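Encoded as structure tokens, the structure appears first; notes follow it.
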Amino acid sequence: MAASESQFEAVAQLRSESWEEIVPVTTLKPGYSDSCHNFFSVAFPYRVTHVRLNMYPDGGIARLRVYGIGQRDWSSVLSQEEVDLVALVNGGVCVGYSDAHFGHPRNMIGLGRADNMADGWETARRLDRPKVLKMDKKGILQLPGFEWAVFRLGHPGVISRIEIDTNHYKGNFPDWCKIEACSLTPEEEQTYIKCKWISDKGPTWKMLLLPQKLKPHYRHLYSGERVLQCGRVSHVRLVIAPDGGVSRLRLWGHIISNTSTNTHQISKL
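Written as structure tokens, this is what we have:
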């Protein structure tokens, strides 16, 4: 039986000839618990918005997961527009951390406010706390250890506002936090990732937010003079002490291109 004209038109609308193949025809395993997960590595360097799954000749597929890094189209974003530079939807990525015992740091850059404690970053309790706790004049505990998480911004820029949300963390929130920032090339980032950001020749971090006392179950907002000027940055490090949970991290600012790094241009934003 030959296809009808309407069927040919329907096929033409798919424009199958313009789709790029990222996974070739591959035999799947049956849906038993020890064989149902089929993983495929993909080496496709271009930004995509849609994928199409073809199965042959028929049958059932329970779940499809497509893992990758979000990439926003920044060509339409004006330099004066304020953007959450670290947000997952804007391409922010967690590229290193010290501990993720109860929750991964990448949860902090997710959408909206956290649903529960499992939707944030929470570390294990540190065992090096001193028997007698001391604090400075600002009420910040003086502790020997801390935890940290490093993020690559979705686009390099100048950060002007910060939110640190301890929503849901009431008896397990950090005593204090600080944020540092730096500008790295992709090659430098890969070097630090390989050494897990622990190296004598690590990044030159600049202080973006001085140590701040935190409250339980609270949205901490920082702007103005409290956010220090670091110029154009590509990476940030959130440090908490001694341990605990943070549900969300927001870093609002303006994007800066590679050619716009001088102080005069930055000060106008």
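End of the sequence shown sits at 345 in the numbering used here; the numbers just go up one at a time, nothing left out. From the three backbone atoms N, C-alpha and C, an ideal C-beta is built for every residue, glycine too. All of these numbers come straight from a predicted model, not from anything done at the bench.
| Item | Value |
| --- | --- |
| Uninterrupted alpha helix (DSSP H) stretches inside the segment 247-281 (no shorter than 4 residues) | 262-270 |
| Beta-carbon separation (whole angstroms), Val233 vs Arg326, contact threshold 8 Å | The amino acid at residue 233 is misidentified as Val; the sequence shows Gly. Not quite, the Cβ-Cβ distance comes to about 13 Å (not below 8 Å), so this is no contact. |
| Residue burial classification, Met283 (beta-carbon count within 10 angstroms, cutoff 16) | exposed |
| Within-9 Å CB hit, Cys258 to chain C | The structure shown contains no chain C; it is built from a single protein chain. |
| Cβ distance (whole Å) where Trp150 is taken to contact His231 below 8 Å | 5 Å |
| Member of Ser323, Gln156, Val162, Lys210 whose CA lies at the smallest distance from the CA of Val312 | Val162 |
| Exposure of Ala190, with buried meaning 16 or more beta-carbon neighbours within 10 Å | buried |
| Glu81 - containing alpha helix (DSSP H), residue span | 81-90 |
| For Ala225, the residue or residues it bridges with in DSSP | Tyr173, Leu314 |
| Candidates Leu154, Tyr143, Pro100: closest to Met131 by CA position | Pro100 |
| Straight-line Cα distance separating Thr199 from Ile274 | 18 Å |
| Candidates Ile185, Gly167, Gly278, of which the one nearest Ile331 by Cα | Gly167 |
| Distance between Pro133 and Ser63 (C-alpha atoms, nearest Å) | Residue 63 lies beyond the residue range present for the chain, which begins at 77 and ends at 345; the question has no answer from this structure. |
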